[in-house]
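-2 is the number of the first residue of the sequence shown in the numbering used here; add one for each residue after it.
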Amino acid sequence: MSEALDFSSLTWVRDEIGKGLDGIRRALEQGLESGESSFLEQALRELKQIQGTLEMVGIQGATLLARELEALLQEMQGHPEQYGEEAYEVLMEALLVLSGYLEWSQQHRRDIPVALLPYLNALRQARKAQPFREQDLFNPG
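(1) Here's a check: name, in chain order, each residue in its chain whose Cβ is nearer than 6 angstroms to the Cβ of SER6, leaving out the five neighbours to either side.
(2) Could you spell out the range, first to last residue, of the alpha helix (DSSP H) harbouring PRO115?
(3) Are three or more beta carbon pairs between the segment 99 to 114 and the segment 67 to 77 nearer than 8 angstroms?
(4) Checking 8 angstroms against the spacing of the C-beta atoms, do VAL87 and LEU113 come in under that value?
(5) Rounded to the nearest angstrom, what separates GLU30 and GLU131 at their Cα positions?
(6) Can you tell me the Cα-Cα spacing of ALA126 and LEU117, whole angstroms?
(7) In terms of alpha-carbon separation, which member of LEU41, LEU51, ARG42, GLU33 lies closest to ASP12?
(8) Please classify GLU43: is it buried, with 16 or more other beta-carbons within 10 angstroms of its beta-carbon, or exposed?
(9) What three-state label does DSSP hand ASP19 in the structure shown?
(10) Please name the residue, chosen from TYR80, GLU78, LEU92, GLY17, that lies closest to LEU66 on a Cα-to-Cα basis.
(11) Return the residue from the list LEU120, GLY28, PRO115, GLU83 that minimises the CA-CA distance to ARG64.
(12) Could you have a look at ALA126 and say whether DSSP puts it in helix, strand or coil?
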């Protein structure tokens, strides 16, 4: 399935996605330092744009990771008192992984969502959701 994807479209949008990911990282860092929750709304806006772009490009692994990032950010926005520094660390790591995965996918012209399983499950664990099983990633929906 991954061989059928048009990775040339990723080339066109990757710089913009990278800028968006940088913006999300900055917003999270500022929010963690200041203790204000308004940064989560900014990060969510950026992430929704990135997620929409990834869905259009059709990179399933990256799209799944963006969805899980969004789910955790939404939980944190709705219940900020339940999330501490650990949740921010999970978010930051997943943002770095997303950036690296896009670069790898573009270079190798492959999309292997199961490679992201540990990061997807770390995001899910942070919001106390059931972990993905390996077979879930062969038929993401």
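The C-beta atom is built at its ideal place from N, Cα and C for all residues, glycine as well. None of these values were measured; they are calculated from a predicted model.
With the structure as the only source:
(1) VAL54
(2) PRO115: member of the alpha helix (DSSP H) spanning 114 to 123, first to last residue.
(3) In short, these stretches do not touch, since the Cβ pair count stays below three.
(4) Taking 8 angstroms as the Cβ cut-off, VAL87 and LEU113 do not qualify as a contacting pair.
(5) 36 angstroms
(6) 11 angstroms
(7) LEU51
(8) Result: buried.
(9) Secondary structure at ASP19: helix, using DSSP grouped into helix, strand and coil.
(10) LEU92
(11) Of the candidates LEU120, GLY28, PRO115, GLU83, the one whose C-alpha sits nearest the C-alpha of ARG64 is LEU120.
(12) coil
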